[in-house]
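Residue numbers (my numbering), protein chains in the order written: chain A, 23 to 340; chain B, 239 to 510. The beta carbon of each residue, even a glycine, is placed where N, CA and C say it ideally should be. Worksheet for the structure shown next.
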């Protein structure tokens with residue numbers, strides 16, 4: 023079995039601390055609101071349902087099919103979770119999936135987890151929900167609405183989440199905006215087709231066997247004006263920011279501003295230290311060499327310690 | 239077929255294994271945060287951070303080679319930062335022609351690229367050590383201790399409990415498909431049907447996986463209710479942290495803070 027890594031999960035080191043913390047705050051806000059909504063809307067059978075469905079989405083990501091040559095398409099699951107559970111529960115399910123991927127499989131970083139949750143659990147689910155709802159309404163309850171809506175929801179959720187990932191990388195100064203955003207968008211426009219096809223296949227089977235499950239997300243839950251507004255704003259922000267960011271090859275002025283802001287924020291910290299650095303490390307090369315020696319000694323010391331404790335543990339037995 | 243290999247936990251009785259999951263989680267996140275906050279180009283600090291995590295790997299007895307192999311997972315993503323070498327302004331290192339483009343590598347660009355790659359590599363090692371030395375139920379206790387909402391923690395717990403069951407289920411579905419020649423992993427063999435057909439088959443498998451999962455969750459819910467579940471997942475209060483754990487936590491955080499200061503001083507010194 024191979025566990026394929028989608029290039030959507032940002033590892034640690036690729037986002038600036040500023041962007042990471044901003045995304046953590048945004049994710050925490052949305053997830054805690056989703057928790058409140060799920061508790062209020064749904065009965066207590068939700069915990070097992072969400073847990074098992076999260077496990078199914080995780081396991082379902084192992085399902086793949088040959089596209090061409092060595093490449094294969096596989097499932098991410100934000101759209102299908104949204105269609106089966108409705109937006110709030112789906113947000114929690116995707117948060118759990120992304121969280122376990124980071125904590126256990128290092129698929130995505132821990133500091134970057136806030137951003138990854140936001141991209142897949144918040145943006146992915148929001149986009150899938152509004153797309154599916156809109157197509158459903160246009161179809162007026164006809165069968166094709168489920169499939170067309172499912173395909174579009176899956177494709178768009180991947181695509182928009184990928185654009186958001188590219189935007190975050192660009193804002194962090196990790197990848198030039200005019201490369202990151204088109205590259206992420208381009209790759210995922212193709213990956214999204216696989217996602218869309220699998221989602222439609224899954225919906226077709228569920229429609230044939232348990233059609234009642236497909237009405238869960240429509241039922242008594244009414245779309246609120248607030249949610250629609252937030253979704254619209256989000257889409258607008260992305261739609262404006264992405265091309266704007268990619269149109270500026272010299273990196274966003276925004277980043278420069280933000281960098282200046284960060285340096286300004288850090289400057290009091292620097293001033294604690296007197297104007298001259300510590301004696302002996304005034305030269306950076308000297309400090310690097312010193313660090314190398316210290317580090318080696320440190321690792322060597324720990325290795326000795328491990329060897330020593332092992333010998334001590336073995337000696338009583340022998 | 240059982241998919242225990244999904245669980246990255248490695249049984250051992252090392253100092254790192256014995257450390258309580260709560261300080262371990264906090265220290266891992268603090269380590270990654272320190273790495274992220276270290277200014278680009280502070281090589282001395284990167285070396286010390288690497289030495290620190292290598293030392294912890296040695297202490298944990300899970301095998302340095304294992305961690306290093308696993309840490310290669312994040313490598314493909316480094317490509318995303320690669321263009322920085324050519325797009326950041328600064329003193330030119332070298333330049334070459336690629337078709338119609340002339341690419342010029344700059345020193346600050348290269349520095350930033352190498353820094354990002356190093357940060358990523360060092361951080362992922364900390365995450366690997368955390369996952370390999372801490373059983374997941376202990377991580378759940380740690381999550382509760384750092385105030386992750388209860389409902390979310392119980393979703394995590396239920397997901398972990400059934401992940402292996404559903405992964406087995408998925409493997410059975412895939413074996414059935416392979417037995418019917420719908421899929422082949424060997425490159426020489428042409429997979430059956432058209433692309434849309436293959437996608438539809440896989441979609442059907444995903445659909446039946448979800449239907450089975452939802453039906454299973456109904457049965458699980460019934461079983462929970464019959465054992466007194468009322469919507470609230472209760473857990474025994476987590477044991478108090480011993481003095482040793484507190485001391486290790488404090489020392490670890492102090493060392494990380496020192497390293498961070500060292501990095502800031504270095505950068506400050508090189509600017510003036």
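- Residue 180 (chain A) and residue 371 (chain B) have their C-alpha atoms some 34 Å from each other.
- Residue 116 (chain A) does not reach chain B, its nearest Cβ partner there being about 11 Å away, counting only Cβ pairs nearer than 7 Å.
- The C-beta of residue 314 (chain B) has fewer than 16 other C-beta atoms within 10 Å across all chains shown, which makes the residue exposed.
- Fewer than three Cβ pairs drawn from the stretch 40-59 of chain A and the stretch 75-85 of chain A lie within less than 8 Å of each other, which leaves the two stretches out of contact.
- Exposure of residue 231 (chain A) is indicated by the presence of fewer than 16 other C-beta atoms within 10 angstroms of its C-beta.
- Taking a cut-off of 8 Å on C-beta distances, the stretch 319-336 of chain B does not touch the stretch 381-398 of chain B, as fewer than three cross pairs fall below it.
- Legend: CB atoms of the stretch 395-417 of chain B lying less than 8 Å from CB atoms of chain A belong to residues 395, 396, 397, 398, 399, 400, 401, 403, 404, 405, 407, 408, 409, 411 and 412.
- Secondary structure at residue 266 (chain B): helix, using DSSP grouped into helix, strand and coil.
- The continuous alpha helix (DSSP H) containing residue 155 (chain A) extends over residues 146-161.
- With 16 or more other CB atoms across the displayed protein chains lying within 10 angstroms of its CB, residue 129 (chain A) is buried.
- In the three-state reduction of the DSSP assignment, residue 330 (chain B) falls in the strand class.
- Spatial neighbours of residue 31 (chain A) in its own chain (CB-CB distance under 7 Å, excluding positions within 5 residues in sequence) are listed in chain order as 123, 129, 130 and 138.
- With respect to residue 197 (chain A), residue 387 (chain B) sits apart: the two C-beta atoms are not nearer than 8 Å.
- Sixteen is the threshold: since fewer than 16 other Cβ atoms of the shown chains lie within 10 Å of the Cβ of residue 307 (chain B), the residue is exposed.
- Between residue 276 (chain B) and residue 264 (chain B), the alpha-carbon positions lie close to 18 Å from each other.
- The CB of residue 142 (chain A) never comes closer than 7 Å to any CB in chain B; the least such distance is about 15 Å.
- Membership of residue 483 (chain B) in the alpha helix (DSSP H) is indicated by the continuous run 481-509.
- Fully enclosed alpha helix (DSSP H) runs of no fewer than 4 residues occupy 388-417 of the stretch 382-458 of chain B, in order along the chain.
- Residue burial is scored here from C-beta neighbours: residue 164 (chain A) has fewer than 16 other C-beta atoms within 10 angstroms and is therefore classed as exposed.
- Along the stretch 176-198 of chain A, going in chain order, the ones with a CB nearer than 8 Å to a CB of chain B are 191, 195, 196, 197 and 198.
- Across the structure, residue 296 (chain B) and residue 202 (chain A) are spaced so that their CA atoms are roughly 37 Å apart.
- Counting the other Cβ atoms within 10 Å of the Cβ of residue 415 (chain B) gives 16 or more, which makes it buried.
- Residues of chain B whose Cβ lies closer than 9 Å to the Cβ of residue 123 (chain A) do not exist; the shortest such Cβ separation is about 11 Å.
- Under the criterion of beta carbons closer than 8 Å, residue 444 (chain B) and residue 48 (chain A) do not qualify as touching, at roughly 30 Å.
- Listed by position along chain B, the residues whose Cβ is nearer than 8 Å to that of residue 84 (chain A) are 405, 408, 409 and 412.
- With a cutoff of 8 Å on beta-carbon distance, residue 118 (chain A) and residue 112 (chain A) are scored as not near each other.
- In the three-state reduction of the DSSP assignment, residue 190 (chain A) falls in the helix class.
- Note that the C-beta distance between residue 270 (chain B) and residue 369 (chain B) is not below 8 Å.
- With a threshold of 8 Å between beta carbons, residue 156 (chain A) makes no contact with chain B.
- The Cβ atoms of residue 378 (chain B) and residue 61 (chain A) lie no closer than 8 Å to each other.
- Within chain B, the residues whose beta carbon sits less than 8 Å from that of residue 61 (chain A) are 389, listed in sequence order.
- For residue 121 (chain A), the enclosing alpha helix (DSSP H) begins and ends at 109-127.
- As computed with DSSP, residue 342 (chain B) is found in a beta bridge with B:333.
- Along the stretch 282-316 of chain B, the beta strand (DSSP E) does not occur as any fully enclosed run of 3 or more residues.
- Nearest neighbour of residue 316 (chain A) by Cα position, chosen from B:293, B:433, B:257 and B:267, turns out to be B:293.
- In the three-state reduction of the DSSP assignment, residue 374 (chain B) falls in the helix class, which pools H, G and I.
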